[in-house]
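Notes follow once the structure below has been shown.
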Amino acid sequence: MKQEEIISLIIPQSGRTFENFMTKIKDLVEVNNDIDLIIKIVKAGKKEKSPNITDVLNFLNKYQNEVNSISIFIDRKRAERPYRIGFVGRDFLFKEKNIDVRIEGAEPHNCSTLVSLGEADLALAGFDELLTTTQEKLTNPSLVTKWGSYNYNLPKSKKIRIAGSAMLKIYNSALDCYIQDIVGFFLISKNKIGKNFNYPDEYLKHLEKHKNIVYVKGRYSDIVRTAYPKLNVISVHDVEDAVADSRDKAVGLEIVQSGSTLKKKGLFLLGTPLFLSESLYVVNYYSYLKNQELKDILKTLNPTGYYEENRLEQFAKWFYSLELNLGENWINKPTDITTLLCEDEEMINGLRPYRLETRYWSASDNYKTQEAYDMIEKAKENLLFFYDKIKKTDRV
Numbered sequence: 058m059k060q061e062e063i064i065s066l067i068i069p070q071s072g073r074t075f076e077n078f079m080t081k082i083k084d085l086v087e088v089n090n091d092i093d094l095i096i097k098i099v100k101a102g103k104k105e106k107s108p109n110i111t112d113v114l115n116f117l118n119k120y121q122n123e124v125n126s127i128s129i130f131i132d133r134k135r136a137e138r139p140y141r142i143g144f145v146g147r148d149f150l151f152k153e154k155n156i157d158v159r160i161e162g163a164e165p166h167n168c169s170t171l172v173s174l175g176e177a178d179l180a181l182a183g184f185d186e187l188l189t190t191t192q193e194k195l196t197n198p199s200l201v202t203k204w205g206s207y208n209y210n211l212p213k214s215k216k217i218r219i220a221g222s223a224m225l226k227i228y229n230s231a232l233d234c235y236i237q238d239i240v241g242f243f244l245i246s247k248n249k250i251g252k253n254f255n256y257p258d259e260y261l262k263h264l265e266k267h268k269n270i271v272y273v274k275g276r277y278s279d280i281v282r283t284a285y286p287k288l289n290v291i292s293v294h295d296v297e298d299a300v301a302d303s304r305d306k307a308v309g310l311e312i313v314q315s316g317s318t319l320k321k322k323g324l325f326l327l328g329t330p331l332f333l334s335e336s337l338y339v340v341n342y343y344s345y346l347k348n349q350e351l352k353d354i355l356k357t358l359n360p361t362g363y364y365e366e367n368r369l370e371q372f373a374k375w376f377y378s379l380e381l382n383l384g385e386n387w388i389n390k391p392t393d394i395t396t397l398l399c400e401d402e403e404m405i406n407g408l409r410p411y412r413l414e415t416r417y418w419s420a421s422d423n424y425k426t427q428e429a430y431d432m433i434e435k436a437k438e439n440l441l442f443f444y445d446k447i448k449k450t451d452r453v
């Protein structure tokens with residue numbers, strides 16, 4: 058029986074997250090024979106992007122008889138704002154519960170926005186993009202540097218909630234395997250600055266005092282200004298290039314995944330990240346409470362909790378691949394990987410375990426807090442185990 062209101066799931070209309078998600082759902086949906094073709098066309102469309110819309114239309118016309126779920130969009134993330142091919146949308150029947158879902162493509166920063174506005178049921182969104190569009194809604198924005206504490210710092214009246222990690226993976230050349238798409242928002246520099254600073258907080262205060270230029274990608278500038286209002290922030294399109302071409306004392310704040318391009322340009326990573334990001338399932342919580350089919354779809358997608366073992370193992374792989382790739386280009390590298398997962402103060406500020414059965418999908422201040430702290434300590438032990446294991450495996 059057809060639903061009166063189809064469930065809507067918003068995903069990025071192009072890029073690696075789009076490709077990885079579409080590949081992931083192939084085994085979950087009834088008709089999947091053209092998913093590979095959709096991915097192939099959208100991926101090829103990146104090379105065919107152009108400021109001339111006619112050129113892109115000519116490319117699109119080649120496939121109109123094969124696929125009808127793609128169209129043209131403006132790639133606003135690039136300085137020249139070219140036209141490009143992207144995924145528009147299509148209805149998919151999820152096999153497990155026989156539920157129709159409309160999967161729609163959108164600009165990445167609009168995915169979570171549509172959920173927040175009540176115009177979509179759930180979305181796939183990076184935590185960095187989620188912060189850029191919803192940070193002003195948080196009760197303590199400067200405390201939310203990891204997605205596990207996001208729901209805790211949201212007013213209960215807000216619709217949007219993080220259900221968990223999508224656990225999407227990308228190929229990592231340093232480890233020669235696929236690992237989770239975790240990234241860090243790091244300070245980067247042109248020069249090998251001395252180790253006498255505690256990065257990033259102490260050094261950022263130094264930069265505030267001396268008004269050194271800090272290059273930041275435009276869409277992240279508000280996040281940085283919220284946390285460090287006195288910082289001399291200059292918005293640029295490409296942070297790495299701006300730092301590489303800058304005068305000696307200029308630094309940047311940049312999203313770093315593997316560190317490969319950073320190292321090729323002779324740049325340095327400084328200390329710990331300001332925040333961590335990965336692909337997440339973001340849901341209209343109040344629709345979820347009253348819609349059984351939305352609950353079933355989310356169960357099928359299987360969001361992963363912040364402290365779950367499979368995520369901890371991927372977290373260890375990401376950290377090790379980054380230190381392996383960067384070597385001496387990582388100044389003041391954290392000596393304890395568990396501090397990146399959770400510090401004592403962050404536990405107090407809501408970075409605690411919760412389940413989808415938990416009210417508001419948020420840790421409680423008075424319900425089994427000691428049990429939660431014990432679980433976090435166990436998670437730290439597991440993280441160290443996975444980290445030591447990958448290091449030993451890599452040496453063999």
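Numbering (this note's numbering), first residue to last: 58 to 453. Where a beta carbon is used, it is the ideal one built from N, C-alpha and C, also for glycine.
Here S303 carries a coil assignment [DSSP, helix/strand/coil]. In the three-state reduction of the DSSP assignment, P69 falls in the strand class. Apart from sequence neighbours up to five positions away, the residues of its chain that approach F151 with a beta-carbon distance below 7 Å are L85, V86, V158, I354, T357, ordered along the chain. Residue pairing from DSSP places F243 in a beta bridge opposite E311. With respect to A177, P165 sits apart: the two C-beta atoms are not nearer than 9 Å. Shown here for N255: same chain residues with a beta carbon closer than 8 Å to its own, the five before and five after excluded, namely G328, N389 in chain order.
The criterion of a C-beta distance shorter than 9 Å is satisfied by Y345 and L351. A direct Cα-Cα distance of roughly 5 Å separates V308 from V271.
For R147, the enclosing beta strand (DSSP E) covers residues 146-151. Between I68 and F78, the beta carbon gap of about 5 Å places them in contact (Cβ cut-off 8 Å). Rounded to the nearest whole angstrom, the C-alpha separation of Y207 and V293 is 27 Å. DSSP lists no bridge partner for V201. Contact annotation: M224 and T361 have beta-carbon atoms nearer than 9 Å. Cβ-Cβ distances below 8 Å link E297 to I245, G309, E311, T318, L319, K322, L324 in the same chain, with the five nearest sequence neighbours on each side left out; the list follows chain order. In terms of Cβ geometry, L440 and F372 form a close pair [threshold 9 Å]. The beta carbons of D185 and V273 sit no closer together than 9 Å.
Rounded to the nearest whole angstrom, the C-alpha separation of I250 and T111 is 49 Å. In summary, K374 is buried, with 16 or more beta-carbon neighbours lying within 10 Å of its beta-carbon over all protein chains present. Membership of G162 in the beta strand (DSSP E) is indicated by the continuous run 156-163.
DSSP places F184 in the uninterrupted alpha helix (DSSP H) bounded by 184-191.
In this structure, L408 sits near Y363, with a CB-CB distance shorter than 9 Å. A check of alpha carbon separations from T450 across I405, E400, N386, S378 identifies S378 as the nearest. In the DSSP assignment, S230 falls outside any beta strand (DSSP E), carrying neither H nor E. Spatial neighbours of T202 in its own chain (CB-CB distance under 6 Å, excluding positions within 5 residues in sequence) are listed in chain order as F332. In the displayed model, Q427 falls within a helix according to three-state DSSP. Listed in chain order, the non-local C-beta contacts of K226 below 7 Å within the same chain comprise N77, Y235, I236, Q237, D238, local neighbours out to five positions each way being set aside.
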